[in-house]
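Take a look at the structure below.
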Amino acid sequence: MARGGSWVSLDTVERAPGWYLLDGGADLVFEELAVGEGDNAARWHVARVRGPRVVLLDRPARGLRGLRVEGTAAPGAARLVRIGRPSALLRMLVDGSGPLETLRRIVALARGTWRYGVRVAIADLHARHAGDADATTGPFVASWTLRHRRLPPTSARLLLRALHQLAQEGDDRWRSTGGDPYFLVTREDGASPLLQGGWYRLQGRLQAARGSHLAPSLYYRIAGREQPFPDQLQLPEPSRDGSLDALFRFDGDVTELRFDPAVRALGFRMAGMRLRRLPRPEWMLRLLAGLRDPSGARDWRAVGATLLAMLRALARGRPAEAGSLLAERHAECSQLHLRSYAAWVARYDTLSREDLGELARRGCELSADGPLLSVLLPVYDTPERWLRRCLDSVLAQAYPNWELCVADDASTQPHVRKVLEEYARRDPRIRVTWRERNGHIARASNTALEMARGAYVALLDHDDELRPHALLEVVEELRADPGVRLVYSDEDKIDERGRRFQPYFKPDWNPDLLLSQNYVCHFTVVDTALAREAGGFREGTEGSQDHDLFLRCTAALPASAIRHVPKVLYHWRAIAGSTALERGAKDYAAEAGLRAVRDSLAAHTPEARVEGLAHGHYRVRWPLPEPQPKVSIIVPTRDRVELLRQCVESVFERTRYDAFELVVVDNGSSDPAALAYLGELAGRERVRVIRHDAPFNFSELNNLAAAQCDGELLCLLNNDIEVIDGDWLREMASQACRPGIGAVGALLLYPDDSIQHAGVILGLGGVANHAYCHQPVGVPGHGARALVAQNLSAVTGACLVVRRSAYLEVGGLDEELRVAFNDIDFCLRLRERGYRNLWTPFARLYHHESASRGAEDTPEKVARFHREVALMRDRWAAVLDDDPAYNPNLSLEMEDTASELAFPPRERPRGAARA
């Protein structure tokens, strides 16, 4: 709100809201409460009016703060004169805008009266009148109808006030001018609350121009609830004809409501919006009929199961329980549908005509001096439908400086030659080589590589599709950093009907993950000289020839020369018989991948062994030096003898690794049983007990012990850990001994065999948290990453192995972080020094989490935790907000780790090297 000016008394309207003429020869400002009654009930809303202007004061002055003169006019010149409705209508119709505009307003008034009633029509006319000054902050501009079926006395009009990034272009035409457009929803009668709690159905027409997706939402506040931010309710995407039909519940009286029609700048139409509160029988029937699976189809199995559960509740005389069961099931299904990949694609990854135009403009600008990209396309007996789709996807590229190098591997189907010749005639950038004999995919790919004249080669399978901006995104990445020699993107699968599913949102460069699976896969662009120097595609690796090439190309590259574009640029065709649809443990692609990884290891670590896993991925068993390196296992403890005994005895009884010592750090135990057991331990072979009487500081305890240890490796182990896998220490030690490896973490399970720790995701929940927490052991996770070893930014200190030299190099754990996040900070400092942290699922232990310390439930503990959060945010904010081992398209909300997808995805600056 602008400062300055003087107030005009509103005493004249204290008892008489209605139509007024506001005049004063200057800009005037009036303020009113958006919701509620009283200065503390809600925020103020400001609307600017350039006089003279007709103003509707639609509620008593208890909801009005006053008027203020702005500009050069004298305060005494301001006038607020009450006028009748006929006079107000006449002034709004003929207000100096010209005869054509007057005619338009008369037509709009008549049409609005016919469609929505006289009140809404007059409100729309008033919006046009006030909107001449400022279309985005004028008064009421549209309306919803709020009613109860067969209860006319409770009907009311909900008026929409365009508050931000919205401009009206016609009767029902609007334009969003940015990414956060919204209306404020108010009641025409000024009644409070705005809406009563209950189930509602919102219907109307909301249609984006030119096929763009809107992603509408409601934001609301509930009476009596402390809410720093309003709740969000994501509405379903309107159908192709613009029909919007949403069913939802407010769990209390609504005091404030905001409607966001879109999440991007676009044009749209909005009309006939109606919000209706449903009686119990109707909402129960509609909920039951609305149970759907993630694809959006009606889930009859869920309908039957839910109906049976409701009938049982009703039979027990519990109707409220029946309604709750139905509501919970509907919420689960709605969340699955609204948070599904199809919903994500519709909201954030569907290109409109405007988007395609902008991409084409960027492509033309780059092509003037951009590199030539050679798309390699080996072809063999491709079904005509998919071959045409593949070729069309190349022709549709926004970046025009490309060539398509097609190598036909002696196809036997006549349509293949016909189609390829047709496309070669259509565009001279398409060149075809006809191989005389079938040589399989590796030889055909080498033929295409020989044809390449571009500085970079892009790999494309003959039945897959590129996104229109695939080459453009890669070239922009190359231009941002000329030192980049390999670029890869995210990908998804596409079925015969063109439906996208099963995305793989990948991490940045992750060499250990590449040994476990071909995560780079599609879409990949490689420096042509690098691909040729590596020997091209190797015969004998058919089915995994790309994986084999990537392993050889990246072996000599620094991390800074490999770049990941976190966008889906490639659709992998999933049809019967394709690897995209199903990959077994013993298929030819898995066997070829096994050979590729084995040969890659032989080049630098010949003692390493690789094994195929049941799900089509790989495990590398790394060699241990001879003799075995000594591991100093550090266990801080205090009292809780039953936990310590379980931990220590499980280490000695189950660990199949001899070269270790156990260093127990007693942090002031006073329990007689604990002291007796500590005395017993002090006399045992390979055990030392260090006494440290001081306030608990996890970092200090481990640093104290590390300074007195002589093991080549350190193992930080909580006293609430229980060993269940005898090879745990061998696996972790063999990983930690590898050059370049920093901290190594394990798979930790709760006693019920659900996951407690499968690595750490930075930013999850604000700072960092565990991946796949509480999910069942064996869950594959996104891209099956929960089943394979890989590099992660951090692992938990509850069970962590690291070389002692690396531990001391970074100064151990930060003792300023006494309890929380000291392990995360330690891992990030290792990473900052160039070490790669690693998580392995092949070391399994139970974790009885924080059993000896208890919950963070005292004011002192909460205050300490907040200090540690602030320190981490201050020190590591950039990496916490964009974990290179994660993906900006995946969620950082704790409750969303199962759905995984980020709504909305996070933006990442282009061209930043992320080792």
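The sequence shown: position 84 = 220 (the numbering used here), numbered continuously. C-beta: ideal position from N, C-alpha, C; glycine also. Note that the structure is a prediction, hence the values are computed from the model and not measured.
Shown here for Y724: same chain residues with a beta carbon closer than 6 Å to its own, the five before and five after excluded, namely G679 in chain order. Secondary structure of D682 (DSSP, three-state): helix. The residues W758, in chain order, have a CB closer than 7 Å to that of R874 in the same chain once the five nearest residues on each side in sequence are set aside. As summarised for the segment 968 to 1018, the continuous alpha helix (DSSP H) elements at least 4 residues long and confined to that stretch are 995 to 1016, given in chain order. The beta carbon of I770 lies closer than 6 Å to those of V799, N838, A841 and L852 in the same chain, with the five residues before and after it left out.
Taking N537 as the centre and dropping the five residues before and after it, the same chain places the C-beta of S503, G506 and L508 closer than 6 Å to its C-beta, in chain order. By a beta-carbon distance limit of 8 Å, V801 contacts H828. Their separation comes to about 6 Å.
Leaving aside the five residues that flank I242 on each side, the residues in its chain whose CB is nearer than 7 Å to its CB run, in chain order, L229. With fewer than 16 other CB atoms across the displayed protein chains lying within 10 angstroms of its CB, I860 is exposed. DSSP places T548 in the coil class of the three-state scheme, outside both helix and strand. If you draw a straight line from the Cα of A934 to the Cα of V896, it comes to about 12 Å. Separation of the CB atoms of D775 and A810 is rounded to 5 Å, and the pair is thereby assigned contact status at 8 Å. The beta carbons of V937 and R965 sit about 17 Å from each other, so the pair does not count as a contact at 8 Å. Taken through DSSP and simplified to helix, strand or coil, D626 comes out as strand.
With respect to W975, G881 sits close: the two C-beta atoms are nearer than 8 Å.
For S805, DSSP assigns no beta-bridge partner whatsoever. Counting only the Cα atoms, G326 lies some 18 Å from R410.
A direct Cα-to-Cα measurement between P374 and L294 gives close to 21 Å. Under a 10 Å Cβ-count criterion, V903 is classified as buried, with 16 or more other Cβ atoms of the shown protein chains found around its own Cβ. For the pair A670 and C689, the CB atoms are nearer than the 8 Å cut-off. In the three-state reduction of the DSSP assignment, N927 falls in the strand class. Shortest Cα-Cα distance from A710 to any of F637, V1015, D491 and P765 involves F637.
A residue is called buried when at least 16 other Cβ atoms come within 10 angstroms of its Cβ; G729 meets this threshold and is buried. S460 counts as exposed, since fewer than 16 other beta carbons sit within 10 angstroms of its beta carbon. Between the C-alpha atoms of C526 and E418 there is a straight-line separation of about 48 Å.
Distance between S353 and E627, taken at the CA atoms: about 28 Å.
Going by beta carbons, L423 and L462 fall inside the 8 Å limit. Beyond the five residues adjoining it in sequence on each side, R866 comes within less than 6 Å, by CB distance, of Y793 in the same chain, given in chain order.
Judged by pairs of C-beta atoms under 8 Å, the segment 307 to 327 touches the segment 391 to 406, as three or more such pairs exist.
Under the DSSP assignment, T391 falls in the beta strand (DSSP E) whose first and last residues are V390 to D396. Taking all protein chains shown into account, S806 has fewer than 16 neighbouring C-beta atoms within 10 Å of its C-beta and is therefore exposed. Secondary structure note for N1025: it is in no beta strand (DSSP E), with a DSSP letter that is neither H nor E.
Distance check between F962 and each of V439, A879 and H910 places A879 closest, using alpha-carbon atoms only. Ranked by how close their Cα comes to the Cα of K703, the residues L607, R621 and V662 have L607 in first place. Around V787, the same chain offers I769, L798 and V859 as residues with beta carbons nearer than 7 Å, after the five sequence neighbours per side are excluded.
With a beta-carbon spacing of about 7 Å, L649 and V924 fall inside the 8 Å limit used to define contacts.
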